[in-house]
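> The structure is given below, and queries will be raised subsequently.
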Amino acid sequence: MATQRQIHTPLTAEVIASLKAGDMILLSGEVYTARDVAHRRMYEALIKGEKLPIDLQGTVIFYAAPTHTPTGKVIGSIGPTTSYRMDAFTPKLIENGLKGMIGKGNRSPEVVAAIKEYGAVYFGAIGGIAALTAQCVTRMELVAYDDLGPEAIRKLTVMELPVIVINDTAGHDLYAEEQKKWRIIA
Amino acid sequence: MEKKTRKTLRRINVKRITKTVKKLFIEANTVLSEDIVSALKTAWSLEESASGKHVLEKIIKNAGIACRHKMPICQDTGLAVVFVEIGQDVHIVGGDLRQAIEEGVRQAYADGFLRKSVCDPLTRKNTGDNTPAIIHIDIVEGDHLKIIAMPKGGGSENVSAAKMLTPAVGIDGIKKFVLETVDRAGANPCPPIMVGIGIGGSLEQACILAKKALLRPVGLPNYKDERLAQMENDLYQSINKSGIGPGGLGGRITTLAVNVEMMPCHIASLPVAVNIQCHVARHKELTI
């Protein structure tokens, strides 16, 4: 397997530009969890010109909602949810400063275009290995939208969270490229 | 004159049902079944792509960690799907059966530190306790009560599909629908997947057949019908040519198994349902 590259948040423009689809990354620093309803609220706030509960500039959002935290632990099990559900809201967030997203599954052409135009990156994390992924989270803090329960916006401090670059600023799509490579046409 | 004897019904208290449901949902979410772990190890040995092998290694490692530390295997601890088989000689006492099942789910998701993942479809407001459960009840012969807890995640459910095919499309048409569904899903349902297929019945019955098909252990073909065993094998081969691979990152193993269940349908119809299951295939059962 290729070597994993260490990257820290906040993501700089240079780092983002250097990332290529297929790069295996160990991500450390702060990320925010936000999914469906949180995205809709932030999107609508941007449309109305209202303040967001988080500063999007240089931010990485992790599409995740953890299980309830057991006693004595930092966090329950956590992993990526399917990203396409956030596609309708994502270009607007990227336009307004969002730099990185961690999820799983392919993105829409509009999101891929926004990643290219504004210099952002979409990382894939392996889905369904949530007990293992939880070991990368050293701190969790509730930030906003408490009423959403598991889907609230939380700030996570992560240490060497393994992710892979799916969509880069050059417009490459790892899923499309790899699946084409391995497909057997009968 | 024949003497009429009164059959004794077996009494089962709802408290026992609540306790069983709770135990099964916690166990299903923390302990991956042996047949799935075994299938993942086989997939690893068959997989040719480096990233595919890497994903499978992590999946197997995670299952071990989840079991040892009693942590949920996946953060999506699912909608609580429950299959209940009640023998017709059983008498449920002490309360309402459905409420007892719901209470078992409520307790599992609270005490088991599972995630509450149920909401109003329109407002999206979380119901707060992972109820209501999806309960399927069958009355069967005998005096036993069997409960199957099947936490079903949203990602794989979202890429599932059902269609009323035109009968003229035949077996080839059914296979085409299945392959299109899997292709469209791509990386989204966390491959390697399992595919449950229901053919026949009515629209909703085909869906229930497809979900029940997912309960069959990996590696067991449909022994009842040779045509279906053949279809299962054909589709297994075809899906694993798709190139999607573990995690959708390209590879040889996209599905661990394809299970087909079938029943007769209307002479004008060909209902087909495709229920996709991710690699965190969870179900535990107990017969009281």
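Sequence lines, in order, name chains A and B. Using the numbering used here, you'd call the opening residue of the first sequence number 23 and step up by one each time. Using the numbering used here, you'd call the opening residue of the second sequence number 19 and step up by one each time. We treat Cβ as the ideally placed atom computed from N, Cα and C, and that holds for glycine.
How many angstroms separate the CA atom of Lys170(B) from the CA atom of Val187(A)?
Taking the first residue of the second sequence as position 1, residue 170(B) is located at position 152. Taking the first residue of the first sequence as position 1, residue 187(A) is located at position 165. Whole-angstrom Cα-Cα distance: 28 angstroms.
> Do you know whose CA, among Gly125(A), Gly171(A), Glu117(A), Ile97(A), lies nearest Arg107(A)'s CA?
Here residue 107(A) refers to the residue found at position 85 of the first sequence. Of the candidates Gly125(A), Gly171(A), Glu117(A), Ile97(A), the one whose C-alpha sits nearest the C-alpha of Arg107(A) is Gly125(A).
> If we call anything under 9 angstroms between Cβ atoms a contact, is Leu27(B) one with Val108(B)?
Taking the second sequence and counting its residues from 1, the one referred to as residue 27(B) is at position 9. Taking the second sequence and counting its residues from 1, the one referred to as residue 108(B) is at position 90. Their beta carbons are under 9 angstroms apart, which means Leu27(B) touches Val108(B) by this criterion.
> Kindly give me the distance between the Cβ atoms of Gly127(A) and Cys296(B), rounded to whole angstroms, as I take these residues to be in contact under 8 angstroms.
As a first step, residue 127(A) must be located in the first sequence, where it is residue number 105. As a first step, residue 296(B) must be located in the second sequence, where it is residue number 278. Actually they do not touch by this definition, with Cβ atoms about 11 angstroms apart.
> Judging by CA-CA distance, which residue of Leu196(A), Gly119(A), Ala152(A) is the nearest neighbour of Gly141(A)?
Locating residue 141(A) in the first sequence gives position 119, where the first residue counts as 1. Looking at the Cα atoms, Gly119(A) is the closest of the given residues.
> Cβ atoms of Ala180(B) and Val290(B): under 9 angstroms apart, would you say?
Start at 1 with the first residue of the second sequence, and residue 290(B) comes out as number 272. Start at 1 with the first residue of the second sequence, and residue 180(B) comes out as number 162. The answer is yes: Cβ separation under 9 angstroms.
> Distance cutoff 9 angstroms, beta carbons only. Does Asp58(A) sit that close to anything in chain B?
Within the first sequence, numbered from 1, the residue matching residue 58(A) stands at position 36. Yes, its Cβ sits closer than 9 angstroms to a Cβ of chain B.
> Who are the near neighbours of Asp12(A) in its chain, counting only those whose CB is closer than 7 angstroms to its CB and skipping five residues on each side?
Not covered by the structure: residue 12(A). The range shown for chain A is 23 to 208.
> How about Lys138(A) and Ile76(A): are their beta carbons less than 9 angstroms apart?
Taking the first residue of the first sequence as position 1, residue 138(A) is located at position 116. Taking the first residue of the first sequence as position 1, residue 76(A) is located at position 54. Contact flag unset, no.
> What residues in its chain sit with their C-beta under 8 angstroms from that of Ser50(A), if we drop five residues either side in the sequence?
Taking the first sequence and counting its residues from 1, the one referred to as residue 50(A) is at position 28. Contacts found: Gln28, Ile29, His30, Thr31, Val180, Met181, Glu182, Leu183.
> Please state the DSSP three-state secondary structure of Ala167(B).
The residue you call residue 167(B) lines up with position 149 of the second sequence. The answer is strand: DSSP assigns Ala167(B) an E or B state.
> Under 9 angstroms between the Cβ atoms of Gly268(B) and Gly70(B)?
The residue given as residue 268(B) occupies position 250 in the second sequence. The residue given as residue 70(B) occupies position 52 in the second sequence. Taking 9 angstroms as the Cβ cut-off, Gly268(B) and Gly70(B) qualify as a contacting pair.
> Report yes or no: is there a C-beta of chain C within less than 9 angstroms of the C-beta of Pro207(B)?
Absent here is chain C; the protein component of the structure consists of chains A and B.
> Given a cut-off of 9 angstroms on the beta-carbon distance, is the pair Asp94(B) and Ser135(B) in contact?
On the second sequence, position 76 is the one that residue 94(B) refers to. On the second sequence, position 117 is the one that residue 135(B) refers to. Yes, the Cβ-Cβ distance between Asp94(B) and Ser135(B) is below 9 angstroms.
> What does Ser50(A) pair with, by DSSP beta-bridge criteria?
Stepping through the first sequence from its first residue, residue 50(A) is reached at position 28. Answer by DSSP bridge pairing, in chain order: His30(A).
> Can you say whether Arg86(B) is buried or exposed, counting buried as having 16 or more other CB atoms within 10 angstroms of its CB?
Along the second sequence, read from residue 1 onward, the residue named residue 86(B) stands at position 68. Classification of Arg86(B): exposed, given that the 10 Å Cβ count is below 16.
> Which residues mark the beginning and the end of the alpha helix (DSSP H) in which Tyr197(A) is found?
The count along the first sequence starts at 1 and reaches residue 197(A) at position 175. 196-204 is the span of the alpha helix (DSSP H), which, as asked, contains Tyr197(A).
> So what's Val96(A) in DSSP terms, helix, strand or just coil?
As a first step, residue 96(A) must be located in the first sequence, where it is residue number 74. Coil, per DSSP.
> Closest to Leu238(B) by CA distance: which of Ile306(B), Ala128(B), Gly96(B), Ile54(B) is it?
Locating residue 238(B) in the second sequence gives position 220, where the first residue counts as 1. Closest by alpha carbon: Ile54(B).
> Please return the same chain residues whose Cβ sits closer than 7 angstroms to the Cβ of Tyr197(A), not counting the five positions on each side in sequence.
Working through the first sequence from its first residue, we reach residue 197(A) at position 175. These residues qualify, in order along the chain: Asn128, Ile188.
> Against chain A, does Val73(B) count as a neighbour if the rule is that its beta carbon must be under 9 angstroms from one of theirs?
Your numbering for residue 73(B) matches position 55 in the second sequence. So, interface residue.
> Can you tell me whether Asn251(B) is buried or exposed? The criterion is at least 16 other CB atoms within 10 Å of its CB, across all chains shown.
For the purposes of this step, residue 251(B) is taken as the residue at position 233 of the second sequence. Classification of Asn251(B): exposed, given that the 10 Å Cβ count is below 16.
> Name, going along the chain, the residues of the stretch 93-105 of chain B whose beta-carbon falls closer than 9 angstroms to a beta-carbon of chain A.
Residues passing the 9 angstroms Cβ filter: Gln93, Asp94, Thr95.
> By the DSSP assignment, the beta strand (DSSP E) with Asp156(B) in it spans what residues?
Residue mapping note: residue 156(B) aligns to position 138 of the second sequence, counting from 1. Residues 152-158.
> Let me know if Ser63(B) comes out buried or exposed under the rule of 16 or more other beta-carbons within 10 Å of its beta-carbon.
Sequence index remark: in the second sequence, residue 63(B) carries index 45 (1-based). Flag for Ser63(B) reads exposed.
> Let me check one thing: in DSSP terms, what residues is Gln295(B) bridge-paired to?
Taking the first residue of the second sequence as position 1, residue 295(B) is located at position 277. Paired residues: Met212(B).
> Figure out for me which residue from Glu36(A), Gly193(A), Val37(A), Val59(A) has the closest Cα to the Cα of Glu132(A).
Residue 132(A) sits at position 110 when you count from the first residue of the first sequence. Taking only the C-alpha atoms, the option nearest Glu132(A) is Gly193(A).
> In this structure, how does DSSP classify Cys225(B) when only helix, strand and coil are distinguished?
Walking along the second sequence from the start, residue 225(B) turns up at place 207. If DSSP states are grouped into helix, strand and coil, Cys225(B) belongs with the helices.
> Using the rule of at least 16 other Cβ atoms within 10 Å of the residue's Cβ for burial, across every protein chain shown, is Met281(B) buried or exposed?
Position 263 of the second sequence holds residue 281(B). Exposed is the call here.
> Would you call Tyr241(B) buried or exposed, if buried means 16 or more other Cβ atoms sit within 10 Å of its Cβ?
Residue numbering aside, residue 241(B) sits at position 223 when the second sequence is read from its first letter. Tyr241(B) should be labelled exposed.
> So within the stretch 142-186 of chain A, which uninterrupted alpha helix (DSSP H) runs reach at least 4 residues, ignoring any that extend past its ends?
DSSP runs (the alpha helix (DSSP H)) wholly in the stretch 142-186 of chain A: 152-156.
> On the DSSP letters alone, give me the boundaries of the alpha helix (DSSP H) that Val196(B) sits inside.
In the second sequence, residue 196(B) corresponds to position 178, counting from 1. Run containing Val196(B): 188-203, per the alpha helix (DSSP H) assignment.
> Determine the extent of the alpha helix (DSSP H) in which Pro90(B) is found, giving its start and end residues.
Numbered from its first residue, the second sequence carries residue 90(B) at position 72. Counting along the chain, Pro90(B) falls outside any alpha helix (DSSP H), and DSSP gives it neither H nor E.
> For Arg142(B), would you say it is in contact with chain A, using Cβ-to-Cβ distances shorter than 9 angstroms as the test?
If you number the second sequence from 1, residue 142(B) lands on position 124. For Arg142(B), the answer is yes, since a Cβ of chain A falls inside 9 angstroms of its Cβ.
> In angstroms, rounded to a whole number, what distance separates the CA positions of Ala39(A) and Gly101(A)?
Residue mapping note: residue 39(A) aligns to position 17 of the first sequence, counting from 1. Residue mapping note: residue 101(A) aligns to position 79 of the first sequence, counting from 1. Near 26 angstroms, if we compare the C-alpha coordinates of Gly101(A) and Ala39(A).
> Looking at the structure shown, is His72(B) part of a helix, part of a strand, or coil, going by DSSP?
Start at 1 with the first residue of the second sequence, and residue 72(B) comes out as number 54. Three-state result, His72(B): helix.
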